[in-house]
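Take the sequence shown: its position 257, counting from 1, is numbered 262 in our numbering, and each next residue is one higher.
We put the beta carbon where it would ideally sit given N, CA and C, even for glycine.
Because the structure is a prediction, the values reported are computed rather than measured.
Here the structure is laid out as structure tokens; the discussion comes afterwards.
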Amino acid sequence: MSVLPIKTLLEAGAHFGHETKRWNPKMAPYIYAKRNGIHIIDLQKTSALAETAYEAITETVMKGNDLLFVGTKKQARESIIEYATKCDSPYVANRWLGGTLTNHEIVKKSIQKLLDLEYLEQNNFPGYSKSEISKKRKVLEKLRKNLGGLVKLQHKLPGMLFIIDTVYEQNAILEAKRMNIPIVAVVDTNSDPELIDYPIPGNDDAIRAVSVFCDMVCRAVLAGKNQQKEESVEHPSDEIISQIDTDATTEPLDDLDSTERFI
Numbered sequence: 006m007s008v009l010p011i012k013t014l015l016e017a018g019a020h021f022g023h024e025t026k027r028w029n030p031k032m033a034p035y036i037y038a039k040r041n042g043i044h045i046i047d048l049q050k051t052s053a054l055a056e057t058a059y060e061a062i063t064e065t066v067m068k069g070n071d072l073l074f075v076g077t078k079k080q081a082r083e084s085i086i087e088y089a090t091k092c093d094s095p096y097v098a099n100r101w102l103g104g105t106l107t108n109h110e111i112v113k114k115s116i117q118k119l120l121d122l123e124y125l126e127q128n129n130f131p132g133y134s135k136s137e138i139s140k141k142r143k144v145l146e147k148l149r150k151n152l153g154g155l156v157k158l159q160h161k162l163p164g165m166l167f168i169i170d171t172v173y174e175q176n177a178i179l180e181a182k183r184m185n186i187p188i189v190a191v192v193d194t195n196s197d198p199e200l201i202d203y204p205i206p207g208n209d210d211a212i213r214a215v216s217v218f219c220d221m222v223c224r225a226v227l228a229g230k231n232q233q234k235e236e237s238v239e240h241p242s243d244e245i246i247s248q249i250d251t252d253a254t255t256e257p258l259d260d261l262d263s264t265e266r267f268i
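Below, the structure is given as structure tokens:
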């Protein structure tokens, strides 16, 4: 059975493209017809390309890489968070911060600041005045909003991106290209599929369609993780894992002002 059956795609309205006057000619191979001034997407090709993307995602995750969900527009945000969380994957759902991929050292410092503030919050901000706590809470909320979905990527880049709306997320695509990170993306009739390694033709505006695509990607990620577990059982690593010092403790940072510029 297909990972994205045509019936499921039809019910979600995934076949509705944009107005014919707003199309990208490079999407011509994926367009089935015109209806009332709207391009209709060929769902047979959508279903087939979804299979290809599914296999690529599974293989990437099976090798121990993370897939980064990206969708910051209103119609995509809820599904991006829901399905990324479901498969324990990183995500960007608020806005794409410049340098997320190309200036990873800065991102690492910002994520560390987020973790440090969360540690202080869990301990009721010991030693800080009410005004200081108020300021730190505001910083914490801003960091959570922008970086909360990226904590898993503090120490490494993702192995692949999944993007909803390639026109809206151009900056993410440019950074991924610079870093040679492959991209899976839903490409609507106004998109340029040549920018995408694994394009999936479909409606990237309808909430139901976005949910269907995110669900498929989530299933692919989970399949990859399951295969990784199976392989690790069949072929255990020969590497010697160092004994963790159970007496080690993590001390909170007393002064976080030095990293304020990384918000």
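Reduced DSSP secondary structure (H/G/I, E/B, other) of residue i
| i | result |
| --- | --- |
| Lys39 | strand |
| Ile168 | strand |
| Leu73 | strand |
| Phe21 | strand |
| Ile246 | Residue confidence is low: Ile246 scores 49 on pLDDT, short of 50, so the model does not pin down where it sits. No coordinate-derived value is stated. |
| Ile178 | helix |
| Ile188 | strand |
| Ile205 | strand |
| Tyr96 | strand |
| His109 | helix |
Separation of residue j from residue i, as counted between CA atoms
| i | j | result |
| --- | --- | --- |
| Val8 | Ala38 | 24 Å |
| Pro198 | Glu174 | 13 Å |
| Ala17 | Ser52 | 13 Å |
| Ser237 | Lys140 | 46 Å |
| Lys230 | Trp101 | 26 Å |
| Lys135 | Glu146 | 16 Å |
| Val112 | Gly153 | 12 Å |
| Ala55 | Pro204 | 8 Å |
| Val191 | Leu125 | 40 Å |
| Ile178 | Gly132 | 44 Å |
| Val217 | Pro34 | 22 Å |
| Asp220 | Thr65 | 17 Å |
| Asp209 | Leu106 | 23 Å |
| Lys12 | Gln49 | 10 Å |
| Val144 | Phe74 | 24 Å |
| Ala214 | Ile168 | 13 Å |
Cβ shell of residue i (< 7 Å), same chain only, five flanking positions each side left out
| i | result |
| --- | --- |
| Asn99 | Thr77, Lys150, Asn151 |
| Ala225 | Tyr59, Ile62, Thr63 |
| Ile116 | Leu152, Leu155, Val156, Gln159 |
| Cys223 | Tyr88, Lys91, Cys92 |
Residue i, buried or exposed, once every other Cβ within 10 Å from all chains shown has been counted against 16
| i | result |
| --- | --- |
| Gly42 | exposed |
| Ile246 | No answer about Ile246 holds up, because its pLDDT of 49 lies below 50 and its placement is not dependable. |
| Thr90 | exposed |
| Pro206 | buried |
| Asn108 | exposed |
| Pro163 | buried |
| Leu15 | exposed |
Other residues of its chain near residue i: CB distance less than 6 Å, five sequence neighbours each side excluded
| i | result |
| --- | --- |
| Ile45 | His20, Tyr37, Ala38 |
| Met165 | Thr65, Leu72, Pro187 |
| Asn128 | none |
| Gln232 | Met67 |
| Ala5 | The question about residue 5 has no answer here: the residues shown for the chain are numbered 6 through 268. |
| Pro95 | Asp71, Leu73, Gly154, Leu155, Lys157, Leu158 |
Own chain residues within Cβ distance below 8 Å of residue i, not counting five before or after
| i | result |
| --- | --- |
| Ala211 | Ala17, Gly18, Ala19, Phe21, Gln80 |
*Three or more C-beta pairs below 8 Å linking the stretch 113–133 and the stretch 145–162*: The answer is yes - the stretch 145–162 touches the stretch 113–133, with three or more Cβ pairs under 8 Å.
*Taking 8 Å as the threshold, find out whether the stretch 183–192 comes into contact with the stretch 85–96 through three or more Cβ pairs.*
Contact between the stretch 183–192 and the stretch 85–96 is absent, because fewer than three Cβ pairs lie under 8 Å.
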